[in-house]
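Just add 4 to wherever you are in the first sequence, counting from 1, and you've got our numbering.
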Amino acid sequence: MSFPKATSKTKAYTYCFINMLDFYERVYEIVALIPYGRVTTYGAIAKCLGAARSSRLVGIAMNHSHLTHPHLPAHRVVNRNGLLTGKHHFPSAPMAELLEAEGVVVVGDCVVDFDRLFWDPKEHL
DNA sequence: ACTCTGACCAGTT
DNA sequence: CAACTGGCCAGAG
């Protein structure tokens, strides 16, 4: 993890954050708040941080989280359709298994009743 | 200093 | 409908 290089492609609003480490930490703070048995999305987290278009970076942060924050409920973060897009990155227990252990039903890599189980981080503010 | 690939997403065609 | 586009940015080569 390092401060982004100041290339021509680096957009100014990136710097509303002190550095990327801070952005990651904010992502992790939100993930830690997701209630047991509920799920949220990469985009919702990004929007909550005031960087609505940086959902992809949230995914990168989650990938890192296994090393830096192993106890985080990373399995409660899915994509906007309730699809378990991060399932290939769970070294220990399968993502679907972790969810089912919390009562979240998963069929075909997709969270059943996603609309009802969705937890919006904005509502926590 | 490139190019390329991702745990993404909203808008447009 | 699906496919495409542009917006993000880290890390590897």
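Cβ coordinates follow ideal geometry from the N, Cα and C atoms, glycine included.
What's the C-alpha gap between residue 120 and residue 83? 15 Å
Identify every residue that forms a DSSP beta bridge with residue 76. DSSP output for residue 76 lists no bridge partner at all.
State the DSSP-derived secondary structure class of residue 111, mapped to helix, strand or coil. strand
Helix, strand or coil for residue 124 per DSSP? coil
In this structure, how does DSSP classify residue 116 when only helix, strand and coil are distinguished? DSSP places residue 116 in coil when its eight states are reduced to three.
Rounded to whole angstroms, what is the Cα-Cα separation between residue 126 and residue 44? 11 Å
Under 8 Å: do the region 28-41 and the region 50-70 share three or more Cβ pairs, one atom per stretch? Contact between the region 28-41 and the region 50-70 is present: 3 or more CB-CB pairs across the two stretches fall below 8 Å.
When you compare each of 57, 38, 74 to residue 129 by their alpha carbons, which one comes out closest? 38
Span of the alpha helix (DSSP H) holding residue 103? Per DSSP, residue 103 belongs to the alpha helix (DSSP H) from 99-104.
To the nearest whole angstrom, what separates the beta carbons of residue 99 and residue 87, a pair I think is in contact under 8 Å? With a Cβ gap of about 11 Å, residue 99 and residue 87 do not count as contacting.
Where residue 50 and residue 78 are concerned, what is the direct C-alpha to C-alpha distance, given to the nearest angstrom? Rounded to the nearest whole angstrom, the C-alpha separation of residue 50 and residue 78 is 15 Å.
Which residues does DSSP list as the beta-bridge partners of residue 61? DSSP, once it has assigned bridges, lists no residue as partnering residue 61.
Member of 36, 118, 115, 40 whose CA lies at the smallest distance from the CA of residue 75: It is 36.
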